[in-house]
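In what follows, a structure is listed as C-alpha cells, so that the remarks can point back to it.
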Amino acid sequence: MENIIKDSSRLFLGDQVPDSYQNPFVSNKVFGVVKPVSEDEVVACVKYANEHNIPMIARGANTGAAGNQIPIIGGELIIDLSLMNKVIEIDLETMTLTVEAGITLETVQRIANEHGFMYAPDPASKQSTIGGNVSTNAGGMRAIKYGATRENVRGLNTVLADGRLLKLGGKTIKDASGYDLLDLFIGSEGTLGITTQVMLKLIKKPKFEQSMVIAFNDPFDATDTVINILKAGYIPSAIELFDRASIHFSEAHLKKDFISQQGEAYILLTVDDNHKDQIESTLAGIEQIAQEKALEIIALNEKEAVDAWAMRDAILYGIMSATYFEMLDEVVPINKFADMIRYTKTLEKKHGIRVLNFGHAGDGNIHTIIMKDDLTDDVWQVKRQAFLDDLYDEVYRLGGLISAEHGVGFFKKEHFLKKTNNNNIDVMRSIKQALDPKSLLNPGKVF
C-alpha cells in the first residue's frame, strides 16, 4: 500500500488506524485506511485489495444510519473518499454538475444555488457526501416533487471489485442502449462498486417559495390532511410531519421554541413556483383543506421558514444529546401512513419502549425512532428485537418496505432477508456474484 499512497497522512495500517474507523463492538480490527485524492488512486487501492483478498468498505462522512459503512468482520481496508471533494465541471447548458464522490451535499447545494440552480434532493444530513447519497439512493424532504437521488443522477463512475472502472450514464436525457447499469449501482450500498465521480442533474431554481405550518390535535388528523392535500392535486416541494415530542428535542437542542405551540402534531410544507400568484392559489387551496382538522395555520415569512426547517433538521441532533436511539425509515403506501403511525404507538405500549415519529408524509416514508432511555443493554436488545419483529410484520402487511432512503446496511439485514421474496434475493446474489465473485466489497451488508 505504501507504493500507492505515499503520503503517510493518508495511509494508516494496523495499529496506526484511528479508533474512529474501528467498530467498538467487535474485537477484530480493520486492516487499514486509505484516503485517496484521485480516481487513479482508488483504482490502484482496489486492485491491491483484490490481489490480496482484502475486503473493502467505501466511506465518506460516516453519516449512514443503517450501518452501511461500518466494519463488521475485521481485516477490511476502508477507502475513505472524503478528500475527493472537487467540482469537476459545471455545465449550465446541459444543467449538470459533475463532482467527486466525497463532496458534501451542503457544498453541492451551495454551488448550484450560486449559479441560480438547485440540486433537488435534500436529506437532513447536509454533511453527508454525494457518494454516500448515491450508495443509499438518499431521499430527503423534496423527494415528493423532485424525486430521490436516483432521479437526479445523470451519470457516475464506479470502480468494480477487480479494479475495472465503469463510466455510466451521461449528458443525454434518454438511454435505451442496453441494460441500465446506472440505476443498478445507485442504491447498491457499496456492494457492487465504489463510486468515485457523479454527474448530477440541476434544475432552474424556482423564483418563489412559501412555507406553512399546520398544527393538529394528533398525527392522525395530520396524516388525513396530507392525503386530502395530495388527492386534491397539490404537490408541495416538501411536506413533513412530526409530533410534538419530536420537535421538543429540537427546541431543547436549539434553545428556541417552535413557531406553533398548539396541538400534538405538525405539518411543515413548502410550495415553490415561478409564479407568485400560483403559490398563493395553491396555499389557499391547502389552507381550505386543512381547516377541517387544523388547530392553527401559520403562513411563514422567509426568516420564519428558515427557522422552522432548521428545527425540523435538528430533531435528530436533539435526540442524540438525550439518549441512545435507533432510527428507522420504513415506507408504506401514502394511504397507510396514518395506520402505520397508529401501530407504532400500539407497539410503544406493548413493548414498553418510547417511540417518536416524523417523516416525509407526502411519500409515505416514516422515521420511527425507538429510544433506549434508561433500559439496560440486555433489556434494550430484547425489547428492540420484539418491537422490530412486530413493526416490520405490519409494514409488509400494509404493502410497505423496510427502507425508503437509508438502505439495508447491517442493522436491517435480518428483517430484509426474512421479508423479501427469495427469488428477488437470489437474483441480487447472482448479480453480486457476477460483479464481485470474491465478495470483497462491503461484505456482510444487505445479505
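Quick note on my numbering: the sequence shown kicks off at 608 and runs consecutively.
Just so it is clear, CB atoms sit at the ideal spot from N, CA and C, and this is done for glycine as well.
Quantities reported herein were computed from a predicted structural model and do not represent experimental measurements.
Please classify residue i as buried or exposed, where buried requires at least 16 neighbouring CB atoms within 10 angstroms.
| i | result |
| --- | --- |
| Asn764 | buried |
| Val694 | exposed |
| Lys613 | exposed |
| Tyr950 | buried |
| Gln804 | buried |
| Phe632 | exposed |
| Asp936 | buried |
| Asn972 | buried |
| Gly723 | exposed |
| Lys956 | exposed |
| Val986 | exposed |
| Val913 | exposed |
| Gly621 | exposed |
| Thr705 | buried |
| Lys943 | buried |
| Asp647 | exposed |
| Pro625 | exposed |
| Met927 | exposed |
| Ala750 | buried |
Short check: CB of residue i to CB of residue j, under 8 Å?
| i | j | result |
| --- | --- | --- |
| Phe815 | Asp880 | yes |
| Ser599 | Leu907 | For residue 599 there is no data in the structure shown, the boundaries of the chain being 608 and 1054. |
| Cys1065 | Ile686 | This structure gives no information on residue 1065, because the portion of the chain shown stretches from 608 to 1054. |
| Phe1023 | Ile1009 | yes |
| Val578 | Gly800 | With the chain covering only 608 through 1054, there is no way to say anything about residue 578. |
| Ser627 | Ala668 | no |
| Asn864 | Glu858 | A small correction: the amino acid at residue 864 is Asp; Asn does not occupy that position in the sequence shown. In this structure, Glu858 lies closer than 8 Å to Asp864 by Cβ. |
| Ile948 | Pro826 | yes |
| Phe932 | Ile960 | no |
| Ile976 | Met934 | yes |
| Leu848 | Thr830 | yes |
| Asp769 | Asn657 | yes |
| Phe1054 | Lys1019 | no |
| Met725 | Lys778 | no |
| Ile893 | Tyr841 | yes |
Starting from residue i and walking both ways along the alpha helix (DSSP H), at which residues does that stretch end?
| i | result |
| --- | --- |
| Tyr950 | 944-958 |
| Val805 | No alpha helix (DSSP H) contains Val805, which is instead part of the beta strand (DSSP E) from 801-808. |
| Ser853 | 851-861 |
| Arg1036 | 1029-1042 |
| Ala665 | Not the alpha helix (DSSP H): Ala665 falls in the beta strand (DSSP E), residues 663-666. |
| Glu758 | Premise fails: Glu758 is in no alpha helix (DSSP H) and is neither H nor E. |
| Ile922 | 922-927 |
| Val637 | Here Val637 belongs to no alpha helix (DSSP H), and DSSP marks it neither H nor E. |
| Leu995 | 984-1004 |
| Phe632 | From DSSP, Phe632 is part of no alpha helix (DSSP H); its letter is neither H nor E. |
| Asn740 | 737-743 |
| Phe792 | 788-792 |
| Gln885 | 883-897 |
For residue i and residue j, which I take to be in contact (beta-carbon distance under 8 Å), what is that distance rounded to the nearest angstrom?
| i | j | result |
| --- | --- | --- |
| His958 | Phe965 | Actually they are not in contact, since the Cβ atoms of His958 and Phe965 sit about 20 Å apart, beyond 8 Å. |
| Gly709 | Met691 | 4 Å |
| Ile846 | Ile941 | Going by Cβ atoms, the distance from Ile846 to Ile941 rounds to 10 Å, so no, they are not a contact pair. |
| Gly738 | Leu809 | Not confirmed; about 18 Å, so no contact. |
| Tyr924 | His967 | 18 Å between Cβ atoms; not a contact. |
| Leu712 | Asn740 | 6 Å |
| Lys1045 | Asn660 | 6 Å |
| Ile896 | Thr832 | 7 Å |
| Glu796 | Ser742 | 5 Å |
| Leu963 | Ala852 | 5 Å |
| Gly1016 | Gly671 | 6 Å |
| Gly746 | Ala1011 | 6 Å |
| Gly969 | Leu875 | About 11 Å separates the two Cβ atoms, so there is no contact after all. |
| Leu1048 | Thr798 | 5 Å |
| Met978 | Thr930 | 5 Å |
Check for me: the beta strand (DSSP E) holding residue i runs from which residue to which?
| i | result |
| --- | --- |
| Thr705 | 703-707 |
| Met934 | 932-934 |
| Thr905 | According to the sequence as given, residue 905 is Ile; it is not Thr. Where Ile905 is concerned, the enclosing beta strand (DSSP E) stretches over 901-907. |
| Glu816 | 815-823 |
| Asn972 | 972-978 |
| Ile677 | Here Ile677 belongs to no beta strand (DSSP E), and DSSP marks it neither H nor E. |
| Glu696 | 694-698 |
| His967 | 961-967 |
| Ile686 | 684-687 |
| Thr877 | 872-880 |
| Leu772 | 772-776 |
| Leu1024 | Unbroken run through Leu1024 is the alpha helix (DSSP H), 1020-1026; no beta strand (DSSP E). |
| Phe619 | 618-620 |
Is any heavy atom of the ligand SAH found at a distance shorter than 7 Å from the C-beta of residue i?
| i | result |
| --- | --- |
| Met608 | What this structure holds is no ligand at all, so the ligand SAH is not there to describe. |
Counting only beta-carbon atoms, is residue i nearer than 8 Å to chain C?
| i | result |
| --- | --- |
| Asn1029 | The chain labelled as chain C is not found in the depicted structure, where only one protein chain is given. |
* Asked: Would you call the segment 818-833 and the segment 787-800 in contact, with 3 or more CB pairs under 8 Å?
  -> Touching, no.
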